[in-house]
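In UniProt numbering, the protein residues as written are 1 to 314. All C-beta atoms in this analysis are idealised placements derived from N, C-alpha and C, irrespective of residue type, glycine included. The block underneath contains the structure these notes are about, expressed in structure tokens.
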Ligand SMILES: NC(=O)c1ccc[n+]([C@@H]2O[C@H](COP(=O)([O-])OP(=O)(O)OC[C@H]3O[C@@H](n4cnc5c(N)ncnc54)[C@H](O)[C@@H]3O)[C@@H](O)[C@H]2O)c1
Ligand SMILES: O=C(O)C(=O)C[C@]1(C(=O)O)C=C[C@@H](O)C=C1
């Protein structure tokens, strides 16, 4: 007799990079009896149907969560509160409700305000992604060997937290648990600030009148090209991230600006020792990350790990 799937029915709200990757991985691992998803536009619903990854594509969030044992919101963080309010009356008692938002404090507060006490709310953040979005951008290997951080509220049911952790481990992730506000401080420096810097530098280069657009593109084989990849990330998602994690980002931005001033001063004064010492320290940090096996710079890590071609066949 075959073992039953981990969840009878999984409802996915939002079928973009993350929702689509969860669907593909959960399907590949046989974690759900049935996967139901919502997509807002008729065009996306048609495309999701065509992809054939989920069992049902429905129009409303209320319909999707009906009788679902696990509900995951994979939508911009600013939309999580209103969607929690919308689905609250339709949730099955005992269901696990989660999300994948890049900011946790605000999502925890916004969703908790609406969810009934009869469900288990366990927020999550898979620290894995690419600059792509939409229903075609997901892939089943995205979470392999990546962190998924759970930020359960203090009164969360340990069995529900463990069940969601087991789900993410089955998708290939390494799971860690921490407080939501601590998550936001850590991610402000490791993810949000780097994105802000990329958005800034690409905008700056574009605005320089004596560097033509053609030259920017022509000579962008190295560092700048890496920045353009990050700066191509979804504007709605990142607008919401910076609005939702305002305090932590501003704190980290303050520290960053102080360090930038120190390096600016070293360049102005011709202080080669200060520059050399700083670059030596940062090189050691990078080498430490790589030797720990936490190299997150390669967006195709999951795909390469699984030895799959890119979606464009390259
Ligand atoms: N992209 C990444 O690298 C990454 C990584 C980890 C976590 N996240 C988080 O995952 C979430 C989704 O990001 P994504 O990259 O999958 O984005 P995406 O743009 O690929 O998909 C977002 C989906 O949400 C839907 N949506 C938007 N607003 C909605 C609303 N009000 N109600 C219902 N559906 C709505 C969109 O139609 C789309 O299907 C975000 O909260 C983001 O912070 C993203
Ligand atoms: O590799 C990328 O494209 C990403 O930006 C992924 C990344 C990150 O900053 O590491 C972006 C946001 C998410 O919340 C998690 C992962």
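Short Cβ contact (8 Å threshold) for residue i with residue j
i           : j           : result
residue 56  : residue 32  : no
residue 181 : residue 105 : yes
residue 149 : residue 183 : yes
residue 93  : residue 119 : yes
residue 99  : residue 73  : yes
residue 173 : residue 219 : no
residue 18  : residue 64  : no
residue 198 : residue 231 : yes
residue 84  : residue 114 : yes
Residue i, buried or exposed, once every other Cβ within 10 Å from all chains shown has been counted against 16
i           : result
residue 277 : exposed
residue 290 : exposed
residue 317 : Residue 317 is absent from the model: the chain starts at 1 and stops at 314.
residue 260 : exposed
residue 191 : buried
residue 267 : exposed
residue 282 : exposed
residue 235 : exposed
residue 141 : buried
Close-in-space but distant-in-sequence residues of the same chain around residue i (CB under 7 Å, 5 per side omitted)
i           : result
residue 163 : 96
residue 165 : 150 and 175
Where residue i falls: helix, strand or coil (DSSP)
i           : result
residue 38  : strand
residue 174 : strand
residue 73  : strand
residue 271 : coil
residue 143 : coil
residue 179 : coil
residue 243 : helix
residue 195 : helix
residue 114 : coil
residue 157 : coil
Cβ-heavy atom distance, residue i to ligand 3, below 7 Å
i           : result
residue 291 : Ligand 3 is not among the ligands present in this structure, which contains only ligand 1 and ligand 2.
Cutoff 6 Å; reference residue i; Cβ partners in own chain excluding five residues on either side
i           : result
residue 20  : 135 and 138
residue 54  : 23, 35 and 37
residue 216 : 205
Close-in-space but distant-in-sequence residues of the same chain around residue i (CB under 8 Å, 5 per side omitted)
i           : result
residue 243 : 78
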